[in-house]
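Taking my numbering, I'd label the letters of the sequence shown as residues 1 to 350.
Idealized CB from N, CA, C, for every residue including glycine.
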Amino acid sequence: MSRCKFGAPIDLKADKTTITFGNHLAWQGGFFQGSLWYLYELTGDEKYAATAQRYTESISDVQYVTDNHDVGFICMSSFGQGMRLKGLDYKDIIIQTAESLMTRFRETTGLIQSWQASEALDRKCPVIIDNMMNLELLFKATELSGDKKYFDAAVSHADRTLKEHFRPDGSCWHVVDYDPETGEVRKKVTAQGYSDDSVWSRGQAWAIYGYTMAYRCTGYRRYIEQAIKTFEMMKNHPNMADDCVAYWDMCSPDIPNTYRDVSTSSIMASALYEMSTMDVDNPGQYKEYADKIMTSLASPAYRAKLGENGNFILMHSVGSIPHKSEIDVPLNYADYYFLEALKRKRDIEK
Ligand code: GLY
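So this is what it looks like as structure tokens:
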């Protein structure tokens, strides 16, 4: 056993592909359940729903986690999907999880604090672009409870992030650290990218997906405008590969001799399918690009043979190169967003 960057115990299995997280709910803790829910939705086979329900209910402690912002990822990919697909009574768990996330809302900044403060890392109130994804939980909690405070916190977070996280070309920083006393920005840096000013690819994917989702939940045009701008930056980036599967950081000086991050591209594909259903100019262009990504991901270059790859669907993702962690491996969230993208594609083409 050793410890991973999230502080959770990890157990690297003999096949070197599977990492389990003991009883600690790491941020990826709901994606296996979510993949089962999507397998159920895609196939109609009840065996997936039964297993998804069992594994979903095994992580109900997520509702009491307050030491990080990832509860939105965890809860919505598991309980959120079970409620959507089977009408399971997860309302109280979802609202309690949102309450836990609200304990991290800082009035001075108008933001939800992502990670804990750290003297060693000189962080006081770090907010990462990934945090946009957790807002879906807050929007859902308002829908289920009728209490607007969750919606208001989500809009406040999305608006301040819009102001502070983005550069004029549409790309975003990974981490913005704030002074929790004054609410002012202290610094803009990276944790998982090549450098502070580089374009960490998965961060861009979280921004595209997060602001597309925020537009769906609010109808505020500024959100979809940002999602489109960030997508255009990625699409037109001189370092975007011909097969549309992103390198782990668009500014890596080692391109093309460095790693792809398949998770970035599956997240982007899913977001683009949703974008293509919205009232935006020329929506078909987003489906066209998503289809290109999906054709690449489904090819033998990225999709594993059945029974190989530790039983994951996709190969070649990257967790964090600066932390020397999960490099060129399958990742459960790459599979989750790939399945979600397949489902969205199927619904559009029906
Ligand atoms: N949310 C963590 C990551 O994208 O690696």
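Residue i: CB within 7 angstroms of a non-hydrogen atom of the ligand GLY
| i | result |
| --- | --- |
| Arg202 | yes |
| Trp27 | yes |
| Gln192 | yes |
| Asp396 | What the structure shows of the chain is the stretch from 1 to 350, and residue 396 is not part of that stretch, so it cannot be assessed. |
| Gly319 | yes |
| Asp261 | no |
| Asp130 | yes |
Cα-Cα separation between residue i and residue j, rounded to whole angstroms
| i | j | result |
| --- | --- | --- |
| Ala191 | Gln113 | 15 angstroms |
| Phe166 | Glu46 | 43 angstroms |
| Ser77 | Ala227 | 21 angstroms |
| Lys91 | Cys75 | 11 angstroms |
| Pro330 | Ala298 | 14 angstroms |
| Ala269 | Met83 | 24 angstroms |
| Asp11 | Tyr336 | Note that Asp11 has pLDDT 40, beneath the 50 cutoff, so the model's placement of it is unreliable and no number is given. |
| Lys345 | Gly284 | 12 angstroms |
| Pro253 | Cys244 | 18 angstroms |
| Ala8 | Asp279 | Low local confidence applies: a pLDDT of 35 at Ala8 is under 50, so the model's placement there is unreliable, with the coordinate-based value given in what follows. Each residue's Cα considered, the two are about 42 angstroms apart. |
| Gly183 | Thr51 | 45 angstroms |
| Trp115 | Gly307 | 36 angstroms |
| Asp261 | Ala246 | 6 angstroms |
| Ser325 | Ser317 | 11 angstroms |
| Leu138 | Phe151 | 6 angstroms |
| Asp281 | Tyr273 | 14 angstroms |
Delimiting residues of the beta strand (DSSP E) encompassing residue i
| i | result |
| --- | --- |
| Tyr223 | Where Tyr223 is concerned, there is no enclosing beta strand (DSSP E), although the alpha helix (DSSP H) it sits in stretches over Arg221 to Lys235. |
| Lys187 | Val185 to Val189 |
| Asp242 | Here Asp242 belongs to no beta strand (DSSP E), and DSSP marks it neither H nor E. |
| Glu351 | Because the chain spans 1 through 350 in this model, residue 351 falls outside it and cannot be assessed. |
| Asp159 | Here Asp159 belongs to no beta strand (DSSP E); instead the alpha helix (DSSP H) covers Lys149 to Glu164. |
| Asp177 | Val175 to Tyr178 |
Identified DSSP bridge partners for residue i
| i | result |
| --- | --- |
| Asp122 | None; Asp122 has no bridge partner. |
| Leu314 | Arg303 |
| Ser325 | Ser320 |
| Val127 | Val176 |
| Asp196 | Answer by DSSP bridge pairing: none, since Asp196 is not bridged. |
| Arg260 | Tyr247 |
| Ile112 | Phe105 |
Bounding residues of the alpha helix (DSSP H) (the contiguous stretch that carries residue i)
| i | result |
| --- | --- |
| Ile348 | Asn332 to Glu349 |
| Tyr209 | Ser201 to Thr218 |
| Glu143 | Leu135 to Ser145 |
| Ile293 | Gly284 to Leu297 |
| Met278 | That residue, Met278, is in no alpha helix (DSSP H); it is neither H nor E in DSSP. |
Q. Which whole runs of the alpha helix (DSSP H) in the region 35-93 are 4 residues long or more, in chain order?
A. 46-57, 71-75 and 81-86
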